[in-house]
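These notes are about the structure you will find just below.
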Amino acid sequence: LCTAVEVWSEMELSKNLASLTLDSVMPISPAGDQKPIDDFDVVCAHDGEENDENITSGDGSVLPEDVEESMLNKNMRQALEIHERNTDENKHRIRDKQDRATVELALDLRTRMNIFKLIQRGYISAVHGCISTGKEANVYRASSKRGDVAVKVYRTSVMTFKDRDRYISSEYRYEFFLNLWAEKEYRNLKRIDNVDIACPTPLAQLENVVLMQFLGEKEKPSPLLKDVNLSPIEWDYHYQEICMTLRGLFNKCKLVHADLSEYNIIFHNMQLFVIDVAQAVEHDDSYALEFLRRDCKQLNKFFSKRGVTVLTVKELFQFVTDPIVKEDEAYFKLAELLESRRNQNSLSDKDAAKEAMDEEVFKLVHIEQKLSEVLTFERDYESVQAGEQLDVFYPIVTGMKDDLTGAKVSVKSSSDSSEEESVAGDGEAVTSKEASSAPECFGKGPSVSLNLRQRNESPNTKKARKKLVKLEQREKRQEKLSKYYKKRKQTLCKLAKRK
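When the letters of the sequence shown are read in order and numbered with the numbering used here, they come out as residues 120 to 618.
Set out below in structure tokens:
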């Protein structure tokens, strides 16, 4: 308190000295004589022994030592609090194991502070009992103004990220920040919820605490899929539902769940909700296709135990990753696959054994995600054209034909092209036939010149080839746009984006 009063005295004295004038120092007496400066007793804050006993205010008046705290203004109280916080004994905090003590293996001191912050911000009003525990997080039921919500708390003090490197090693955002596991789940839930796939709606996220929709009724959580008893017809329906969900995650959200099983699916309001998406990876991740095959295997294993006619892992994988099938046609495509699968149940023992062997090979083989990763494409193409049967799986993901001659065409686009040919005239029909008889180019995009140099080319053939190349270049120059039009087009596109 004395130190605070001294600081306050110095502040007031500095103000008075700043406003001090010559007239105030040497006042004029009534007789007109000026009093010398030496006759004044100016008491300063640094006069040594005299001020050790007395505390002076800015105007020179002496304050008693037992001054009460109520006489201090707001600034003095703040200065006093700051001084107490900055004392030597409080400057260096002593930490021990008690600061890392946890309750229910999840609620440590830092986590409790995060929950208190969410309560102060109005997201929740109270936290109730635990409704689910896992190896990485606990889920609690909390109440709010909008009803019950779920609070997922990731363990910090006792959390171990063993075997988690594969899920985050290829994502630059989380490569060195394993403690942002909760943030990754929040973002994945947001992405899934935006495309109308059944999942808990995320509400907020603060460090290792995630707030989301509570799936349940009357303070009772909905059961997991493994704890549900349904009729055979209902199991068939929900198998198709989860297959469509798996396809939506891959094509709409560009995600692979990487741990989809009956333990991470909640049965709520006769619908399957996907949960626990913290370990979900991007669809172009180096481990994405491996995780997807494992998800297909786990789903088929669970539903087959319930008496459902399921697809093979390869068929389900191909249905999920097929880029040609459109969303409005996907459900009918799935129904056709299931119907054909029901008709194939009466296979002989030899065919069943061969199919099981192919299934195991498909689970373990490496699948290239892009054509640039395929190093033996020319050899595979020649082998397929020669009539050999190869076990290549990259056409499934890349959308190529089985004979590797080009990209697949959807049923709708092929029908549209046939209608255009029927409407066209005779001359155009002949042109289309000639074009179809010519060798096809791989994939879509700009036309590729077929006038390539052959090995052991004769001089006459070379001369004819050069002539054709010049003719193609001349035709291309006629269709070429000037730089002015190109620049003008780019400017208009930029203006349209700004609007």
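Note that the Cβ used here is the ideal one computed from N, Cα and C, for glycine as well. Here the structure is a predicted model, which means the values were calculated and not measured.
According to DSSP, residues forming a beta bridge with residue i
i      : result
Asp267 : Ser262
Cys249 : Tyr259
Met363 : DSSP output for Met363 lists no bridge partner at all.
Val393 : Ile384
Ala526 : Met519
Leu411 : Paired residue(s): none; Leu411 is not in a bridge.
Whole-angstrom distance between residue j and residue i, CA atom to CA atom
i      : j      : result
Glu434 : Ala449 : 13 Å
Ser244 : Thr428 : 47 Å
Gly273 : Ala256 : A small fix is needed here, since residue 273 is Tyr in this sequence, not Gly. Each residue's alpha carbon lies about 4 Å from the other.
Asp470 : Val347 : 34 Å
Lys602 : Gln609 : 11 Å
Asn307 : Ile384 : 16 Å
Leu523 : Val503 : 8 Å
Arg619 : Leu614 : Nothing about residue 619 can be read from this structure; the chain reaches only from 120 to 618.
Lys193 : Met232 : 29 Å
Phe496 : Lys581 : 28 Å
Leu330 : Ile250 : 14 Å
Met195 : His202 : 10 Å
Leu344 : Glu336 : 16 Å
Asn579 : Lys589 : 16 Å
Ser405 : Glu594 : 44 Å
Glu304 : Ala198 : 44 Å
Glu401 : Glu200 : 51 Å
Ala475 : Ala317 : 33 Å
Gly518 : Asn462 : 26 Å
Leu349 : Asn370 : 29 Å
Lys473 : Gln508 : 15 Å
Beta carbon of residue i nearer than 8 Å to that of residue j
i      : j      : result
Val516 : Glu478 : no
Phe392 : Pro342 : no
Tyr242 : Ser263 : yes
Val246 : Leu322 : no
Met363 : Leu494 : no
Phe226 : Leu325 : Reading off the sequence shown, one finds Leu at residue 226, where the question assumed Phe. Contact flag unset, no.
Val439 : Leu411 : yes
Leu365 : Asp414 : yes
Glu338 : Arg265 : no
Asp355 : Gln488 : no
Phe512 : Phe481 : yes
Thr230 : Asn327 : yes
Gly426 : Pro340 : no
Pro319 : Leu334 : yes
Glu381 : Phe421 : yes
Tyr372 : Arg460 : According to the sequence as given, residue 372 is Cys; it is not Tyr. Going by C-beta atoms, Cys372 is not nearer than 8 Å to Arg460.
Three-state secondary structure (DSSP) of residue i
i      : result
Ile443 : coil
Phe202 : In the sequence as displayed, the identity of residue 202 is His instead of Phe. Helix, per DSSP.
Lys339 : strand
His653 : Since the first residue shown for the chain is 120 and the last is 618, residue 653 is missing from the structure and cannot be characterised.
Ala449 : helix
Ile384 : strand
Gln463 : coil
Phe422 : helix
Asp273 : This sequence places Tyr at residue 273; Asp is not what is there. Looking at Tyr273 - three-state DSSP - the assignment turns out to be strand.
Met476 : helix
Glu401 : strand
Gln488 : coil
Ser143 : Confidence at Ser143 is low in this model, with a pLDDT of 46, below 50, so its placement is unreliable and no value can be given for it.
Ala323 : strand
Ala505 : coil
Leu330 : strand
Leu600 : coil
Leu226 : strand
Tyr406 : coil
* **Touch test, the stretch 362 to 376 against the stretch 390 to 398, Cβ-Cβ under 8 Å, three pairs minimum** => yes
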